[in-house]
Amino acid sequence: MNTAHDITNVVLVHGAFADGSGWRRVHDLLTARGYRVSIVQNPLTSLEADVAATKRVLDLQDGPTILVAHSWGGTVITEAGVHPNVAGLVYVSALAPDAGETTAQQYEGFAPTPEFVIDVGDDGYGYLNRDAFQAGFGADLSDADAAFLAESQVPIDMSVFGTPVTVAAWRERPSWAVIATEDKAFDQAMLQHMATRIGADITNVPGSHALFISQAEAVADVIATAAERSATR
1 MNTAHDITNV
11 VLVHGAFADG
21 SGWRRVHDLL
31 TARGYRVSIV
41 QNPLTSLEAD
51 VAATKRVLDL
61 QDGPTILVAH
71 SWGGTVITEA
81 GVHPNVAGLV
91 YVSALAPDAG
101 ETTAQQYEGF
111 APTPEFVIDV
121 GDDGYGYLNR
131 DAFQAGFGAD
141 LSDADAAFLA
151 ESQVPIDMSV
161 FGTPVTVAAW
171 RERPSWAVIA
181 TEDKAFDQAM
191 LQHMATRIGA
201 DITNVPGSHA
211 LFISQAEAVA
221 DVIATAAERS
231 ATR
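Numbering follows the UniProt record's numbering, with no gaps: position 52 of the sequence shown is 52.
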């Protein structure tokens, strides 16, 4: 049971090629535990726009909040996480640049991920290739769930990956990381390096890049742990 001193607010931030509906299972699990869960809908048009969308939701919170992100959303919460309501950060197979770094720089020196195929249109927006979507994004999802995600995906302006963050919230906030050990979107060494560099408490789980769906219970457990431990700091 939550007490007056517990952190009960959780804000969930989605990544590229997706929207907030992918967080439904995590939302339901946390809500059942007594958390007040809010989900950001990133426009995916620029880092500035996604950070602004996240801060709008953080402004609505009535106290300390755990800010959670998947994939590209990690860059977003790295910038937005200095918001005064944020008590802790959870990176779910997520990017974690430092101040002055771009998202693209995080890939340097790590192995390519050929199963994660991005098709870029003439307007500079990228979609995940539908034929490769399940293998690259959600190999542990049902065929129906993977098909729905592929068909409902949100394109991202690929220029966002070249935009540097101006601050690194993980330097000021305690951090946790949940890493999918069969992630095909990022080299495993890259995920481990980023999480280690930010000093995150790391939980490795078997699963694809879509672990926020396929491993919702494990992700919810880490978020609950972050809430409990951040409340004691």
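Even glycine gets a Cβ: it sits at the ideal position worked out from N, Cα and C.
Proximity to residue 239 [Cα-Cα], best of N42, D6, D131 | What is shown of the chain runs 1 to 233, which leaves residue 239 out entirely.
What did DSSP end up calling D140 once you bin it into helix, strand or coil?
-> Three-state result, D140: coil.
G126 (DSSP reduced to helix, strand or coil) | It is a strand residue.
How many Å lie between Y35 and I156 at the Cα?
-> Approximately 30 Å between the Cα atoms of the pair.
First and last residue of the alpha helix (DSSP H) that includes L58?
-> 47-59 is the extent of the alpha helix (DSSP H) around L58.
Can you give the Cα-Cα distance for I7 and V120, rounded to whole angstroms?
-> Answer to the nearest angstrom: the Cα atoms are 41 Å apart.
Where V160 falls: helix, strand or coil (DSSP) = Of the three classes helix, strand and coil, the one that applies to V160 here is helix, per DSSP.
Please list, in chain order, all residues of the same chain as L58 whose beta carbon is under 8 Å from its beta carbon, the five residues on each side excluded.
-> If we look at L58 and ignore the five residues flanking it on each side, its Cβ neighbours are V11, T65, L67, A80, H83, N85, V86.
Looking at the structure shown, is T225 part of a helix, part of a strand, or coil, going by DSSP?
-> Helix.
Let me know if G73 comes out buried or exposed under the rule of 16 or more other beta-carbons within 10 Å of its beta-carbon.
-> Its Cβ being crowded by 16 or more others within 10 Å, G73 is buried.
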